[in-house]
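Participant: Below you'll find the structure I mean.
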Amino acid sequence: MDQRQKKTQLIGFGLWLLVTFIAAAIGSIASITAASFYGSLVQPDWAPPAGVFGPVWTALFAMMGVAAWLAWRKAGFGLGLNLYLVQLGVNALWSWLFFGWHLGGWALLDLLALWALIVATLIAFWRVSPFAGALLLPYLAWVTFAGFLNYTVWQLNPQVLG
Numbered sequence: 007m008d009q010r011q012k013k014t015q016l017i018g019f020g021l022w023l024l025v026t027f028i029a030a031a032i033g034s035i036a037s038i039t040a041a042s043f044y045g046s047l048v049q050p051d052w053a054p055p056a057g058v059f060g061p062v063w064t065a066l067f068a069m070m071g072v073a074a075w076l077a078w079r080k081a082g083f084g085l086g087l088n089l090y091l092v093q094l095g096v097n098a099l100w101s102w103l104f105f106g107w108h109l110g111g112w113a114l115l116d117l118l119a120l121w122a123l124i125v126a127t128l129i130a131f132w133r134v135s136p137f138a139g140a141l142l143l144p145y146l147a148w149v150t151f152a153g154f155l156n157y158t159v160w161q162l163n164p165q166v167l168g
């Protein structure tokens, strides 16, 4: 790999991380009061403390950005990255539905769509780079858990979450 290719790869790496964390930032705007709101809700016994979510999501978004870069590096901008960008938008929307607008049922529907998009993205990434696909497995696991948590919290708090 010559210097120009290395520079292109480094810029691509930075841009995919930037795009990923911009989506995270858009979602986090709705989550500014999430810790206090989440703390005020009736929780199942198995719910993690509010302080767990930030570090977990930060790690997941970093892994997602690396996965996107690996897929781009191997196959250019194709179906997998289109799916990736759509799922980033759906991911950001969840924070607005749940924390911003207190719409628990709509947030759950959003998570179901997100789950399907993650699976499709993971498969598309895996086909071009198994490591890129594997990097999305923790994200899929966390969103699966988040779906169960979303449903349970919504059911325990119908007066607040619709």
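Sequential numbering of the sequence shown, starting at 7, is according to the numbering used here. Note that the Cβ used here is the ideal one computed from N, Cα and C, for glycine as well.
Is DSSP giving residue 70 helix, strand or coil here?
Facilitator: Reduced to three states, the DSSP call for residue 70 is helix.
Participant: For residue 176 versus residue 18, is the C-beta spacing smaller than 9 Å?
Facilitator: A query on residue 176 cannot be resolved here, the shown segment of the chain reaching from 7 to 168 and no further.
Participant: Going by DSSP, what residue range makes up the alpha helix (DSSP H) through residue 138?
Facilitator: 136–141
Participant: Which residue from 74, 45, 115 puts its Cα closest to that of residue 139?
Facilitator: When only C-alpha atoms are compared, the closest one is 74.
Participant: So which of 35, 51, 142 has the shortest CA-CA distance to residue 124?
Facilitator: Looking at 35, 51, 142, the one whose alpha-carbon comes closest to that of residue 124 is 142.
Participant: By how many angstroms is the C-alpha of residue 156 removed from the C-alpha of residue 101?
Facilitator: 11 Å
Participant: Hey, residue 134 and residue 80: beta-carbon distance below 9 Å or not?
Facilitator: yes
Participant: Near residue 67, which residues of its chain fall below 7 Å by C-beta distance, leaving aside the five closest residues on each side in sequence?
Facilitator: 26, 27, 30
Participant: When you compare only the Cα positions, how much space is there between residue 10 and residue 82?
Facilitator: 17 Å
Participant: For residue 37, I'd like the list of residues in its chain whose CB is within less than 6 Å of its CB, leaving aside the five on either flank, ordered along the chain.
Facilitator: 101, 105
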